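In the numbering used here, the protein residues as written are 88 to 1236.
Here is the structure we will look at, set down as structure tokens.
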């Protein structure tokens, strides 16, 4: 240890008249703290000079003045290594580490308030006494984490055993017992190692007769653990010994500046000789009281404390956060109790909700809701202090938990069914219930209500304390009551380490904490073990996200996209690969209509992706149904052979008399209905059922249309941007149009992807924008181009034709850059896949205006200035039609073609703009020596363009997600699942391949291959595992890909999965009916062995289970129990408060 613990005799005393060690001129007014190390070097904090003054032994003036980024220092502590820890912040707390020769301090600990006192124990844990927050917190100096542990005080002023009121000086002995000078409670509190309930050892309320204290500020122990207390309000130092307590110095009964008097002393420290140094705050002095050695019949010595520091963390009272450098995890459980649905890129919900529960069921102002993976729904009824539970899709609650709650706000349920409920408002705790319990047990002690609760996969319980601006945690495996501060300083603020009224919380499986920071209008991400947050949504986020107004809830889906309850905006918003958008409650106003919310508080998903929202202001729970958002492509993607060709001499499908001059827009749907938008005549001509002439003409609306797209439901989207600055939507048999998207200029290309997202390429603005058509908002999102003409990867120069594949990758015909750009989903930097600047040798393009892909994702490009159509295939690029080398109007020539579209047979329709006609090039099927639509289940063709004349090993990506043996993907045994592969090939010889899946059973390694049912196909690129196929356990699923023509090119990739239990539903009678009626003379028979459901097996095996029956008289009594332990009906013991419901206790069988 670095400080002195002198060994005193039983009647030691100090000379009553002090000598002044330092005065006002030397150190400034109102000195607070002093520290003397075992070398008798003296350190004093000077608030006036914002510095630490240092005296070596024998010096009468300071030899060192440490200053820099120190502001108004209260306290300090010096280690054996000479490191000086100083309270350096002004209003908010910060402890800096200094050395004698350093010029600047290093921040070590951040706290909400200034540290009145600092202490470092022998396990290198730093303690801070926060007077104004009535708490003592610690941080390990050996762990990288910034997490703080609360070791004393609740954060609220009080005089009960777990509470403090203005704590000042602190001292920690070598047993890790904490002594606190509890200023306003006029006592010294002892918090034994690991305990949050203190024992009063001196002063008001002590069990033993001690001494009366008045505002104690300092506490020190000697070698025999006797106490020495700075009794500031009584202007004296008192101490204990074998004969009890007595006054030691300043015993004149009055304050003053005489040598035997003190005025509001603050701290004391011993030197090695036992001399006492006191900061005489009110007199602006450091006073030295010399020990009277001649009055002591035994030698005064300073006890050397050569204590080994190899104390294990098990004996420490500090909760150490794990460091990957120093710890090894034996296991990590990834089983979660809540739902994280897997959504597509643009999920949508029915905007009109169903009322799941109203005020008569959930009471007024509902807040907390939780839905587990079995779709059991738990709702907090604050008004009635109850928890309502719905099982098995029941319409009404099937169970109610009654407790001693006081206005509970939040709830969380674990995989084993334990229910954690906020009970902090009046009772200062989080309660733990089990479904069949009649009473709860405290799981965590808190200082205020928990506006959010969460239990992570390591069984750590989190509580967001709204009024204390903090998130705290407690391990559910620990018998200690300690809590750790993991976010927030305890004082409100908007800096990265602060929160202002935190509400909803969410912890990922990587232990990253997301917080809905209500007053700051943001979502904060605190990465594992970090106390500085990152704003990921809302005010001041680094990336453009969305404006929030009082967020109260946060949930993540399977892809870690955010779903946020935007309380004051009366809506739910969410993120996705294309950014943030409003999901439900998007009308722009609060209300009680089915499409409106009024101050929503929290949300939870069921396993189907439906969204349940606690609609606080409307006193109801709303259920928003997930819609099926994926549509089949409406355009044709023919499967073509590798040497497919088209008759070079086209037939004219339509001429200028039908389409008008210079037609540009054509679309052929999967029914081979053909749509042409006339640029000059502004007509939409439609050909159905292989008709020669148009079967329908749509007049008016769009002027000078350049593009057209038709969806699978028949909606027609037409460019109307030149004069009216919009894209129009027209229903096939309707007479009116409605605006679908507002734009600033013409859309030279239009496309609607499989999630109903409309894309527009704006040539003059050098951008591609998009809008999700299911959204009420008219805002468009830039998806390619930065608005300035250029040829870098993020720029476009006159984009025209566009195409979006089912992976939401965007292809753009970049006209003036003479290239095709690929913008992969979510990326703003493009890859040149054809034309100028492409990495691979492709083809020279001159003004490309159209781009289409076939079933194998080969490219078909309209070259406006080269008057031809070119395409790619397994052997690279080639000219397809218009290949005469010159433009013209004969059947094998084109003049400035603009767009193309395939019919379902592979025939090619081209808008021959310069010749004012539509040309049809017929697929020459006889030129293809293999069928154009053959699919071999064991041989597939790559969808990646190949031009190199060499072969490489296939590259495999398995979906979903990355997994390891120690962190497998989890599936319940009762659910079907797919493993999908993305296979990238690069080979000039042949792209045929053989795919084969194998499955191995795993323990610590994966050795034993298992045989599957013959109905499960293991030779496809995706693997489908039906429900109840695999037994419980961990498996390795490996895909091996072999190139058919080059069999030595083999690649494999594995995914690890864990099959977990789905649980059972116990039904006493058929169908699980909740109420039956029997006459008094009738038998009553229950048969759970026949009627219960085991979701993991086809039948319920009655012999696998143990049965216990319990009965109560419903509505009058609880289940009979003794001290909380339920009594089954065959237990002959009696509960005096809850009688058995059986008149004949032995009459059942």
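All residues carry an ideal CB built from backbone N, CA and C; glycine is no exception.
Given the structure is predicted, the values throughout are model-derived calculations rather than measurements.
How many Å lie between residue 751 and residue 437 at the Cα? 37 Å
Limits of the unbroken alpha helix (DSSP H) element including residue 1175: 1175 to 1178
Coarse secondary structure for residue 95, derived from DSSP in three states: coil
Simplified DSSP state of residue 631, which is helix, strand or coil: coil
Indicate the three-state DSSP secondary structure (helix, strand or coil) for residue 617 in the structure shown. coil
Which residues share a DSSP beta bridge with residue 803? 797, 817
From the DSSP output, read off the bridge partner residues of residue 720. None; residue 720 has no bridge partner.
Is the distance from the Cβ of residue 1103 to the Cβ of residue 1112 below 8 Å? Yes, the pair counts as a contact, with Cβ atoms nearer than the cut-off.
Give a yes or no on whether the C-beta atoms belonging to residue 535 and residue 563 are separated by under 8 Å. no
Contained beta strand (DSSP E) runs [length at least 3] in the stretch 201 to 285, N- to C-terminal order: Secondary structure within the stretch 201 to 285: the beta strand (DSSP E) runs of 3 or more consecutive residues, fully enclosed, are 204 to 207, 212 to 217, 222 to 227, 235 to 239, 254 to 259, 265 to 269, 274 to 278 (chain order).
Rounded to a whole number of angstroms, what is the C-alpha to C-alpha distance between residue 66 and residue 91? Past the edges of the chain, shown from 88 to 1236, lies residue 66, and the structure says nothing about it.
Quick check on residue 1174: buried or exposed, where buried means 16 or more other Cβ atoms within 10 Å of its Cβ? exposed
Count the other C-beta atoms from every protein chain shown that fall within 10 angstroms of the C-beta of residue 766, then say buried if there are 16 or more, exposed otherwise. Burial call: buried.
Test item: CB-CB of residue 274 and residue 293 under 8 Å: yes
Backbone secondary structure at residue 513 - three-state DSSP: helix
For residue 786 and residue 926, I'd like the C-alpha separation in whole angstroms. Across the structure, residue 786 and residue 926 are spaced so that their CA atoms are roughly 46 Å apart.
Under a three-way DSSP split, which group does residue 661 fall into? strand
DSSP three-state label for residue 950, please. strand
Rank 139, 644, 127 by C-alpha distance to the C-alpha of residue 119 and give the top, closest one. 139
Which residues mark the beginning and the end of the beta strand (DSSP E) in which residue 576 is found? Looking at the DSSP string, residue 576 is not in any beta strand (DSSP E), and its letter there is neither H nor E.
For residue 1143, which three-state DSSP category applies? In the structure shown, residue 1143 sits in a strand (DSSP, three-state: E or B).
Please report the straight-line C-alpha distance between residue 777 and residue 896, rounded to a whole angstrom. 32 Å
Using a threshold of 8 Å, state whether the C-beta atoms of residue 602 and residue 551 are closer than that. In contact: residue 602 and residue 551 (Cβ atoms closer than 8 Å).
Given a cut-off of 8 Å, decide if residue 684 and residue 697 are closer than it, judged by their beta-carbon atoms. Not closer than 8 Å, so no.
What do you get for residue 1223, buried or exposed, if any count of 16 or more other CB atoms within 10 angstroms of its CB means buried? exposed
Element boundaries [beta strand (DSSP E), containing residue 855]: 854 to 859
Are at least three pairs of beta-carbons, each pair with one atom in the stretch 314 to 323 and one in the stretch 294 to 306, less than 8 Å apart? Short answer: they touch.
For a test of the three-state rule: what should DSSP assign to residue 297, helix, strand or coil? coil
Rounded Cβ spacing between residue 635 and residue 668 (contact assumed at less than 8 Å): In fact, because the Cβ distance is near 13 Å, the residues do not count as touching under 8 Å.
Just grab the DSSP bridge partners of residue 692 for me. 698
Would DSSP call residue 585 helix, strand or coil? DSSP places residue 585 in coil when its eight states are reduced to three.
Cβ pair count under 8 Å reaching 3, the stretch 611 to 631 against the stretch 517 to 535: no
Pull up the CB-CB distance for residue 737 and residue 763, whole angstroms please, since I reckon it's below 8 Å. That belief does not hold up - the Cβ atoms of residue 737 and residue 763 are roughly 16 Å apart, past 8 Å.
Just mark residue 978 as buried or exposed, buried being the case when its beta carbon has 16 or more other beta carbons within 10 Å. Residue 978 is exposed by the Cβ-count criterion.
Output yes or no for whether 8 Å exceeds the beta carbon distance between residue 492 and residue 540. no
In its own chain, which residues sit with a C-beta less than 6 Å from the C-beta of residue 748, not counting the 5 before and 5 after it? 767, 1003
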